[in-house]
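S.K.: As you go down the protein sequences, you meet chains A and B in turn.
Note that our numbering has the first sequence beginning at 1, numbered continuously upward.
Note that our numbering has the second sequence beginning at 745, numbered continuously upward.
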Amino acid sequence: MSCCAPAIEAAAELGRSPSPDELRIASRELGNGLRQIDLSVPSIHCGACIAAIERGFRGVAGVERARVNLSTKRLAVTWRGETPPPVFAVLDRLGYQANLFEPESDARDPELSRLLRALAVAGFCAMNIMLLSVSVWSGADAETRQAFHWISAALALPALVYSGRIFYASAWSALRHGRTNMDVPISIGVTLAFALSLYDTIGNGPHAYFDASTSLLFFLLIGRTLDHMMRGKARAAVEGLSRMMPRGATVLRDDGSRDYLPADEIRPGMRLVLMPGERILVDGVVESGSADIDCAIATGESAPQAVDIGSTLRSGTLNLNGFLMMTATADARGSFVAEMIAMMDAAEGGRARYRRLADRAARLYSPVVHATALLTFLGWLAATGDWHRAISIAIAVLIITCPCALGLAVPMVQAVAARRLFEAGIMVKDGSAMERLAEIDWAVFDKTGTLTVGRPRVVEIVGDEKTREIAAALARHSNHPVARAVAAIGKDADLSFRNVREVAGLGIEATLDGHLYRLGRSSWASGEQGPQTVLACDGRPVLSIAVEDGLRPDAREAVEALRDAGIGATILSGDSPAAVTAAARRVGISDAVAGLLPSGKIDRLAALSASGRKVLMVGDGLNDAPALSAAHVSMAPASAADIGRNAADFVFLHDTLMAIPRAYAVCKEAGRLVRQNFALAIAYNAIALPVAILGHVTPLIAALAMSLSSVLVVANALRLRGASPSGKVRRPVRSVAPELAVEA
Amino acid sequence: MTSLVYLVPLALLLGGAALAAFLWTLRSGQYDDLRGAAERVLLDDEFDRPLRGPLDE
Chain A
1 MSCCAPAIEA
11 AAELGRSPSP
21 DELRIASREL
31 GNGLRQIDLS
41 VPSIHCGACI
51 AAIERGFRGV
61 AGVERARVNL
71 STKRLAVTWR
81 GETPPPVFAV
91 LDRLGYQANL
101 FEPESDARDP
111 ELSRLLRALA
121 VAGFCAMNIM
131 LLSVSVWSGA
141 DAETRQAFHW
151 ISAALALPAL
161 VYSGRIFYAS
171 AWSALRHGRT
181 NMDVPISIGV
191 TLAFALSLYD
201 TIGNGPHAYF
211 DASTSLLFFL
221 LIGRTLDHMM
231 RGKARAAVEG
241 LSRMMPRGAT
251 VLRDDGSRDY
261 LPADEIRPGM
271 RLVLMPGERI
281 LVDGVVESGS
291 ADIDCAIATG
301 ESAPQAVDIG
311 STLRSGTLNL
321 NGFLMMTATA
331 DARGSFVAEM
341 IAMMDAAEGG
351 RARYRRLADR
361 AARLYSPVVH
371 ATALLTFLGW
381 LAATGDWHRA
391 ISIAIAVLII
401 TCPCALGLAV
411 PMVQAVAARR
421 LFEAGIMVKD
431 GSAMERLAEI
441 DWAVFDKTGT
451 LTVGRPRVVE
461 IVGDEKTREI
471 AAALARHSNH
481 PVARAVAAIG
491 KDADLSFRNV
501 REVAGLGIEA
511 TLDGHLYRLG
521 RSSWASGEQG
531 PQTVLACDGR
541 PVLSIAVEDG
551 LRPDAREAVE
561 ALRDAGIGAT
571 ILSGDSPAAV
581 TAAARRVGIS
591 DAVAGLLPSG
601 KIDRLAALSA
611 SGRKVLMVGD
621 GLNDAPALSA
631 AHVSMAPASA
641 ADIGRNAADF
651 VFLHDTLMAI
661 PRAYAVCKEA
671 GRLVRQNFAL
681 AIAYNAIALP
691 VAILGHVTPL
701 IAALAMSLSS
711 VLVVANALRL
721 RGASPSGKVR
731 RPVRSVAPEL
741 AVEA
Chain B
745 MTSLVYLVPL
755 ALLLGGAALA
765 AFLWTLRSGQ
775 YDDLRGAAER
785 VLLDDEFDRP
795 LRGPLDE
């Protein structure tokens with residue numbers, strides 16, 4: 001099993017386990033009180049993992065069923081009841097690192113099953129007709145040929161009606177809006193070929209194109225199905241943001257009574273009561289009380305900020321531990337979160353303007369096909385006056401030029417590229433994102449959680465073994481990120497503290513054997529100034545701990561690899577200038593901007609794209625979501641906030657940042673193969689079109705030409721390798737003791 | 745020619761059966777986890793049921 005279970009430390013270090021609330025929101029209802037959580041577990045990789053995880057979940061309270069999908073490396077946990085089961089704790093114990101997975105992308109896709117059924121029917125009909133056609137081509141006598149043509153006609157009709165309607169519907173909707181797309185010549189070609197063949201069969205003619213029209217449908221449907229699988233699903237990032245917000249807040253009236261009012265009845269000037277664990281609904285100012293506030297939505301920082309009387313509060317931030325009374329300064333529509341939602345809506349609209357390569361090619365190509373077929377028809381009609389001959393040659397031109405190869409050129413490459421990226425631990429949300437990633441010339445990084453791990457780690461300890469144990473045991477009483485890092489420095493010593501008290505923004509104190517211990521900010525614990533976290537005994541410092549947010553593995557190498565590929569880099573962070581400059585120096589990026597709000601990041605991105613840059617945004621926080629939607633293309637680590645993952649085009653599952661240059665390399669190569677495929681398709685047309693226009697295309701030649709070009713394009717797409725700059729994919733296993741893992 | 749009268753319908757019938765079988769496997773979610781299905785053969789008997797989506801139950 002050593003091959004399967006990664007070191008527990010890896011999970012403890014990076015896995016930011018979501019709260020039960022977050023788990024419940026991420027679950028989807030199955031009916032009958034059942035709910036399902038979908039998780040992505042990148043380190044699942046063999047049958048033993050299936051057994052370990054599914055057995056591990058047996059007997060966990062509330063869990064109805066746990067099911068591993070080895071192909072997609074996902075885990076679906078079905079549960080019952082009000083509170084979700086501790087899935088992350090169970091997986092942690094088993095040694096697996098997991099992330100929440102958007103449930104909507106896992107839901108069954110009715111359009112995909114429709115395409116697959118159409119594909120199956122077209123495949124069945126095309127194969128059987130082809131079988132009959134081979135005997136006709138090899139010289140069946142007139143009577144047998146006639147019988148086979150009739151059977152073919154009977155087989156082609158359901159293919160046309162059932163499988164062809166996908167093209168008819170699309171062609172019709174294009175024509176109705178006065179446009180034309182690639183489905184128009186396809187529909188005309190297939191229908192006319194069928195009609196003419198039927199006419200010839202009735203008239204006892206020697207040639208029928210039933211095989212050509214059905215196999216055309218079959219090949220095109222393969223392309224269409226792949227294309228659909230690669231197409232971006234509707235993003236739910238904006239809904240995620242509004243779903244996260246509370247529905248209302250408790251208002252304190254002047255007469256002292258309390259009322260719970262819905263969000264849209266809160267007005268500026270109202271006094272609101274905030275309980276610990278509550279998300280702030282509207283912007284406001286603290287009237288009384290003090291607390292630690294999680295401002296991740298505004299700054300991306302996981303470290304809480306202390307607030308007290310007079311501090312301003314932004315909507316969307318989370319009250320971690322104190323009772324607060326605040327005065328609203330805005331209503332829900334004028335608050336910070338509403339602004340973010342508006343920004344994301346605007347950004348999504350902007351991105352929809354990107355036209356995919358295949359669409360652009362079809363736009364150019366489709367009028368050419370129409371014109372060539374029409375001219376051929378008119379030319380032959382003028383030259384011979386034989387309308388039957390003119391029509392059959394024009395149909396041959398339509399069928400030959402109908403781009404089987406063109407229809408497969410892009411989706412086939414993208415499907416192979418998505419597979420290669422998945423093998424390297426990168427998920428693609430949208431096929432067009434691969435085209436966009438290949439174009440980038442600038443990369444913008446968020447700091448916390450993207451370049452850095454996003455949670456503090458102990459890098460230096462000065463003090464003896466006994467005080468370490470005391471510090472660790474004391475730290476276990478707090479949920480502050482620094483305290484959690486400190487808790488890892490000792491073994492599980494069982495010390496009986498008394499009067500444990502957490503002071504927001506400063507630290508934690510308790511008495512042990514008659515001594516007062518304080519762990520926290522140096523100035524508060526020992527009265528001395530210093531940047532360190534200190535454990536003080538009766539006001540005397542006994543242990544000092546340096547805590548730092550470590551870089552993600554390979555952050556520096558990834559930035560260098562991008563620079564080698566000619567891509568510049570910028571850091572846009574919501575953190576303080578000192579922290580940002582330090583991180584920038586360590587990864588080797590000279591251009592760094594600190595203290596940005598989400599709108600500031602959007603402005604910077606807009607400035608970059610105004611200067612002609614195609615920008616890749618890499619970010620993870622809630623505050624990055626608008627920037628992720630606004631950038632030309634975006635990536636997020638799987639540890640990112642749910643909304644950030646939703647807004648990004650790519651999600652990388654392992655911790656290493658080498659995923660970025662690797663994805664770039666694969667997309668670059670995919671772009672090269674797509675261009676090659678286009679060249680192949682055009683070369684094929686250059687040869688086949690004159691033959692078709694001159695009227696030399698028999699059903700045999702049409703079938704051969706069509707299959708050959710499609711096979712060629714598919715074979716070319718399969719050449720794509722997951723070429724990575726640093727060779728093999730690194731396992732996400734890091735078993736270094738936390739205090740030794742000092743970043744170089 | 746006489747042999748064709750029953751051979752061709754027979755061939756079509758067999759092909760049709762294959763098509764129906766494919767549509768059934770598609771509907772019952774047997775393509776959702778191809779690698780997992782291969783591994784589950786080697787696990788204890790309680791794991792070897794085909795993966796079924798929540799909608800099918």
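Each residue gets a CB set at the ideal place from its N, CA and C atoms; glycine is no exception.
Values in this document were obtained by computation on a predicted structure and should not be read as measured data.
1) From S629/A, R253/A, A51/A, K601/A, pick the residue whose C-alpha is nearest to that of G574/A; which is it?
2) Going by DSSP, what residue range makes up the beta strand (DSSP E) through D292/A?
3) Does the segment 315-330 of chain A come close enough to the segment 264-277 of chain A to have 3 or more Cβ pairs within less than 8 Å?
4) I want to know whether the segment 428-439 of chain A touches the segment 603-610 of chain A - three or more CB-CB distances under 8 Å.
5) Tell me whether the beta-carbon of G710/A lies closer than 8 Å to the beta-carbon of L408/A.
6) Give the interface partners of I760/A over in chain B, defined as CB-CB distance under 7 Å, in chain order.
7) Going straight from the alpha carbon of E423/A to that of T180/A, what length do you get?
8) List the residues of chain B that R117/A touches, going by C-beta distances under 7 Å, in chain order.
9) May I ask you to report which of helix, strand or coil DSSP gives S71/A?
10) Here's a check: name, in chain order, each residue in its chain whose Cβ is nearer than 7 Å to the Cβ of S315/A, leaving out the five neighbours to either side.
11) Alpha carbon to alpha carbon, how far is F148/A from S747/B? Give it in angstroms, no decimals.
12) Are there 16 or more other CB atoms within 10 angstroms of the CB of S526/A, so buried, or fewer, so exposed?
13) Could you tell me which chain A residues have their CB closer than 7 Å to the CB of L787/B, listed as they occur along the chain?
14) Measuring only the C-alpha atoms, how far is D538/A from R518/A?
15) Say whether the segment 291-304 of chain A touches the segment 448-468 of chain A, bearing in mind that this needs 3 or more beta-carbon pairs closer than 8 Å, one atom from each stretch.
16) From the DSSP output, read off the bridge partner residues of Q36/A.
17) Between V410/A and L474/A, is the Cβ-Cβ spacing less than 8 Å?
18) On the DSSP letters alone, give me the boundaries of the alpha helix (DSSP H) that T581/A sits inside.
19) Could you tell me the alpha carbon to alpha carbon distance between H480/A and P304/A, rounded to whole angstroms?
20) Express the C-alpha separation of T769/B and A782/B in angstroms, rounding to a whole number.
21) Let me confirm a value: Y260/A is counted as buried when at least 16 other C-beta atoms fall within 10 Å, else exposed. Which label applies?
22) Once you ignore the five residues that flank G568/A on each side, which residues in its own chain have a CB closer than 6 Å to its CB?
23) Measuring alpha carbon to alpha carbon, tell me which residue in N677/A, G205/A, S215/A is nearest E143/A.
24) For H515/A, list the residues DSSP reports as bridge partners.
25) Among the residues of its own chain, which have a CB less than 8 Å from the CB of L720/A, if the five just before and after it don't count?
26) So what's V286/A in DSSP terms, helix, strand or just coil?
27) Answer yes or no: does any C-beta atom of chain B fall closer than 8 Å to that of L100/A?
28) Quick check on DSSP: helix, strand or coil for P246/A?
29) In chain order, what residues of the same chain have a beta carbon less than 6 Å from the beta carbon of L543/A, not counting five sequence neighbours either side?
30) Going along chain A in order, which residues have a C-beta closer than 9 Å to the C-beta of L748/B?
31) Locate the alpha helix (DSSP H) running through Y664/A, then write down its first and last residues.
32) Since W768/A and V63/A are thought to touch, with beta carbons under 8 Å apart, how far apart are those beta carbons, to the nearest angstrom?
33) Nearest to D21/A by alpha carbon, out of L196/A, L221/A, P246/A?
34) Using the beta-carbon count (16 or more within 10 Å), is M1/A buried or exposed?
35) Around the Cβ of E509/A, are there at least 16 other Cβ atoms within 10 angstroms (buried) or fewer (exposed)?
36) Round the Cβ separation of P185/A and C402/A to the nearest angstrom and send it over; I've been treating them as touching at under 8 Å.
M.R.: The short version:
1) Nearest C-alpha to G574/A: K601/A.
2) In the DSSP assignment, D292/A falls within the beta strand (DSSP E) that extends over 291-294.
3) Cβ pair count under 8 Å is three or more, so yes.
4) No, because fewer than three Cβ pairs between the segment 428-439 of chain A and the segment 603-610 of chain A fall closer than 8 Å, the two stretches do not touch.
5) Here residue 710/A turns out to be Ser, not Gly, going by the sequence shown. Yes, Cβ-Cβ distance for S710/A and L408/A is below 8 Å.
6) Here chain A has residues from 1 to 744 only, and residue 760/A is not among them.
7) Near 38 Å, if we compare the C-alpha coordinates of T180/A and E423/A.
8) Going along chain B in sequence order, the residues near R117/A (Cβ under 7 Å) are L767.
9) S71/A falls in the coil class under three-state DSSP.
10) Within the same chain, S315/A has close Cβ partners I280, L281, V282, D283, S335, F336, V337.
11) Rounded to whole angstroms, S747/B to F148/A spans 14 Å at the Cα level.
12) It is buried - the Cβ of S526/A has at least 16 other Cβ atoms within 10 Å.
13) Correct list: G47, I50, A51.
14) The alpha-carbon atoms of D538/A and R518/A are separated by roughly 8 Å.
15) Here the segment 291-304 of chain A makes contact with the segment 448-468 of chain A; the two share three or more CB pairs at distances below 8 Å.
16) DSSP lists R28/A, T78/A as partners of Q36/A.
17) No, the Cβ-Cβ distance between V410/A and L474/A is not below 8 Å.
18) For T581/A, the enclosing alpha helix (DSSP H) stretches over residues 577-587.
19) A straight line joining the alpha-carbon of H480/A with that of P304/A spans about 8 Å.
20) One Cα belongs to A782/B, the other to T769/B, and the distance between them is close to 16 Å.
21) Per the 10 Å Cβ criterion, exposed.
22) Within the same chain, G568/A has close Cβ partners W442.
23) Ranking the options by Cα distance to E143/A, first place goes to G205/A.
24) Answer is L512/A, bridged to H515/A.
25) Cβ within range, chain order: V413, V416, A417, R420, V666, E669, A670, L673.
26) Here V286/A sits in strand by DSSP.
27) Not an interface residue.
28) Three-state result, P246/A: coil.
29) Excluding positions up to five away in sequence, the list reads G463, T467, A471, L535.
30) Neighbours of L748/B on chain A, chain order: T144, A147, F148.
31) It spans 659-693 - the alpha helix (DSSP H) in which Y664/A sits, taken as one unbroken run.
32) Outside the shown range of chain A (1 to 744) lies residue 768/A, about which nothing can therefore be said.
33) Of the candidates L196/A, L221/A, P246/A, P246/A places its Cα closest to the Cα of D21/A.
34) Residue confidence is low: M1/A scores 39 on pLDDT, short of 50, so the model does not pin down where it sits. No coordinate-derived value is stated.
35) The residue is buried, with at least 16 neighbouring Cβ atoms inside 10 Å.
36) At roughly 6 Å, the Cβ-Cβ gap stays under 8 Å, so P185/A and C402/A are in contact.
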